[in-house]
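Chemist: In our numbering, the protein residues as written are 2 to 67. There's a structure below that I have some questions on.
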């Protein structure tokens, strides 16, 4: 059995309360990893072109309030 299959089997055996707790934990983990990736992309300059385009549209009056 692969590591992933073992995890899947373990998750299916959780009680409803345990599954809810696991789901909260997993959602927090995903959010943390997304934040880390976003920060790395921002720091490395990968988002500069996107930010420049947005600022250009804002300066040109092409942006709308959210």
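Cβ atoms here follow ideal geometry from the backbone N, Cα and C, with glycine treated the same way. Note that the structure is predicted; figures quoted are calculated from it, not measured.
Terminal residues of the continuous alpha helix (DSSP H) containing residue 65?
Modeler: Per DSSP, residue 65 belongs to no alpha helix (DSSP H) and is neither H nor E.
Chemist: Taking residue 40 as part of the alpha helix (DSSP H), name the residues at either end of that continuous run.
Modeler: Here the alpha helix (DSSP H) through residue 40 covers 17-45.
Chemist: Going by DSSP, what residue range makes up the alpha helix (DSSP H) through residue 56?
Modeler: 49-60 is the span of the alpha helix (DSSP H), which, as asked, contains residue 56.
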